[in-house]
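Numbering that gives the first Met the number 0 puts the first residue of the sequence shown at 0, with every later residue one more than the last.
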Amino acid sequence: MLKAMSTTIAVSVSVVLTAFSTAPAQAAGVADFYKDRTMTVLVGFGAGGGYALYGRTLGQHLGRHIPGNPKIILQFMPGAGGNKAANYFYKVSPRDGSVLSHLSNSAALQQVLRPERIRYDVSKLSYLGRMVSMRSSLIVWHTSPATTLADFKKKTLIFGATGRAGQDYMNPTLMKNVLGFKVKVVTGYKGSRAINNAMEKGEVHAMANSWGSVKARLGQWLDKKQIVPLAMVGLTPSPDRPDIPLVLDMAKTKADRDLLELMASTTAVGRAFSTTPKVPSDRVAALRAAFDKTMKDPKFLADIKKRRMELEYMSGPDVQKIINKTIATPKDLVARFKKAVELK
């Protein structure tokens with residue numbers, strides 16, 4: 000009896016000691032991997048927009064909290080509404096935790112809408128977390144034919160967009176086909192900065208872009224009333240501007256609301272960051288911990304405030320839940336949505 004108890008105690012002590020000895024070894028292994036390494040954040044849009052702003056701001060602070068303190072640089076890969084970068088990230092980027100991505104918040108929606116054109120699976124990425132949700136605002140230049148929703152029902156507004164895969168295309172197209180607004184969309188712009196320039200020159204009248212980016216990048220235009228926010232795409236109104244009409248509330252039927260809600264759900268994914276599939280679990284854990292610490296870092300928070308950016312943190316696992324829900328969208332709703340946004 001005593002011998003058995005002694006054996007059990009010895010085994011238990013051995014297990015505890017092993018657990019304690021393994022943790023430092025794993026931490027050392029992660030630090031060794033990242034020491035003197037240059038990491039890359041792949042951004043699926045151009046260097047002048049909101050994706051660049053959030054990617055750059057995170058990159059300037061995240062390395063301090065990763066074991067080994069790696070240097071972090073950004074790589075911009077605009078095209079196909081963010082799908083070019085997503086395909087590259089999934090197929091080409093090394094699967095070792097040295098590359099992170101800031102992909103389109105609609106990447107999961109694109110995966111269910113156009114599986115034949117997609118070469119990625121967002122459900123297999125490891126998400127570090129989300130910096131902020133992405134309520135999308137529909138912004139119109141002050142001299143445009145329509146600067147109110149009432150006029151927008153009667154007069155056509157020309158929107159600039161990167162491509163058919165992006166929210167800058169799908170949001171105004173949904174408003175046309177579901178709610179009856181007068182819309183034309185011109186695609187092919189390299190990013191939101193290019194669309195901003197086109198709007199200022201009169202090439203287009205309007206754009207759909209994240210409200211956070213509009214405030215951060217176009218604050219002076221807002222202050223001078225050179226741009227007018229017509230509507231907001233999201234599951235809830237923007238806390239700072241509840242007066243801006245919510246597109247979701249404009250639905251007249253449940254069927255229409257389902258379509259608008261699917262689009263609005265992408266705003267919850269927001270400005271999320273991930274690493275590639277099959278990264279060793281200790282590195283994923285270290286990257287998630289570093290992301291969490293960065294969100295509380297006083298220097299990081301000071302930059303967020305200085306740059307007029309928004310912060311609405313969500314953990315990596317919680318982002319993953321939203322992604323998985325989108326991937327599981329019923330096929331009949333997917334078919335109706337594709338028709339509403341004019342995707343073949």
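C-beta atoms are modelled at their ideal positions from N, C-alpha and C, and glycine is treated no differently.
None of these values were measured; they are calculated from a predicted model.
Taking only the alpha-carbon atoms, compute the straight-line gap between residue i and residue j and give it to the nearest angstrom.
i, j, result
"M61", "Y87", "According to the sequence as given, residue 61 is Leu; it is not Met. So the two alpha carbons sit approximately 23 angstroms from each other."
"K305", "D150", "36 angstroms"
"D167", "A197", "14 angstroms"
"K277", "K123", "8 angstroms"
"M76", "A193", "15 angstroms"
"H64", "P144", "50 angstroms"
"L310", "I243", "20 angstroms"
"D317", "Y188", "32 angstroms"
"D222", "K181", "27 angstroms"
"I326", "T155", "34 angstroms"
"N83", "G218", "Note on identity: in this sequence residue 83 is Lys, with Asn being the wrong assignment. Roughly 30 angstroms between the two C-alpha positions."
"V227", "D257", "27 angstroms"
"Y89", "A254", "34 angstroms"
"Q74", "Q225", "32 angstroms"
"G315", "K153", "44 angstroms"
"P66", "D296", "16 angstroms"
"R94", "A285", "15 angstroms"
"E199", "W220", "10 angstroms"
"S120", "T275", "Before going on, a small fix: residue 120 reads as Asp here, not Ser. If I take the Cα positions, the gap works out to 10 angstroms."
"I117", "A85", "9 angstroms"
"S238", "D35", "First, the residue type needs correcting, since residue 238 is Pro and not Ser in the sequence shown. Cα to Cα, P238 sits roughly 42 angstroms from D35."
"L114", "P69", "The amino acid at residue 114 is misidentified as Leu; the sequence shows Pro. One C-alpha to the other measures close to 35 angstroms."
"S212", "K324", "26 angstroms"
"P236", "T265", "15 angstroms"
"V232", "S280", "36 angstroms"
"I71", "R335", "42 angstroms"
"K330", "I157", "31 angstroms"
"G269", "K298", "22 angstroms"
"S20", "W210", "Note that S20 scores 45 on pLDDT, short of 50, meaning its location in the model is unreliable; the coordinates nonetheless yield the value given after this. Cα to Cα, the separation comes out at about 48 angstroms."
"Q59", "L247", "36 angstroms"
"G45", "A301", "25 angstroms"
"Q319", "T328", "15 angstroms"
Residue i and residue j: beta carbons closer than 9 angstroms?
i, j, result
"Y50", "G190", "yes"
"N176", "A339", "yes"
"Y126", "S273", "yes"
"L261", "M249", "no"
"S103", "G43", "yes"
"L332", "R163", "no"
"M294", "A230", "no"
"L99", "V29", "no"
"K337", "L112", "yes"
"A271", "G165", "no"
"T146", "G80", "no"
"H101", "G47", "no"
"L245", "A267", "no"
"Y312", "M38", "no"
"V184", "T172", "yes"
"T56", "I303", "yes"
"R282", "G96", "yes"
"L148", "M308", "no"
Consider the Cβ of residue i: report whether some Cβ of chain D lies at a distance smaller than 9 angstroms.
i, result
"V177", "Of the protein chains in the structure, only one exists, and it is not chain D."
Where does residue i land, buried or exposed, given buried means 16+ other C-beta within 10 angstroms?
i, result
"V91", "exposed"
"N170", "buried"
"R134", "buried"
"N195", "buried"
"A263", "buried"
"T252", "exposed"
"K214", "buried"
"I322", "buried"
"K2", "The pLDDT assigned to K2 is 48, lower than 50, so where the model puts this residue is not dependable, and the model offers no usable value."
"R216", "buried"
"G201", "exposed"
Worksheet item: Just checking, does the segment 137-144 make contact with the segment 197-213 on the three C-beta pairs under 8 angstroms criterion?
Response: yes
Discussion item. Could you tell me which whole beta strand (DSSP E) segments of length 3 or greater appear in the segment 68-94?
Written reply: 70-75
Item to complete: Kindly confirm or deny that the segment 278-294 and the segment 106-117 touch, where touching means at least three C-beta pairs closer than 8 angstroms.
Response: With a cut-off of 8 angstroms, the segment 106-117 and the segment 278-294 do not count as touching, because too few Cβ pairs lie within range.
Worksheet entry | Complete runs of the alpha helix (DSSP H) confined to the segment 39-67 [at least 4 residues] | Counting whole runs of 4 or more residues, the segment 39-67 contains the alpha helix (DSSP H) stretches 49-61.
Item to complete: Would you mind listing the alpha helix (DSSP H) stretches within the segment 167-253 that are 4+ residues and don't spill past its ends, in chain order?
Response: 191-200, 210-216 and 218-222
Fill in: Whole runs of the beta strand (DSSP E) within the segment 261-320, excluding any shorter than 3 residues
Here the runs fully enclosed are 271-274.
Worksheet entry | Continuous alpha helix (DSSP H) assignments of at least 4 residues falling wholly in the segment 106-164 | Fully enclosed alpha helix (DSSP H) runs of 4 or longer: 106-112 and 148-151.
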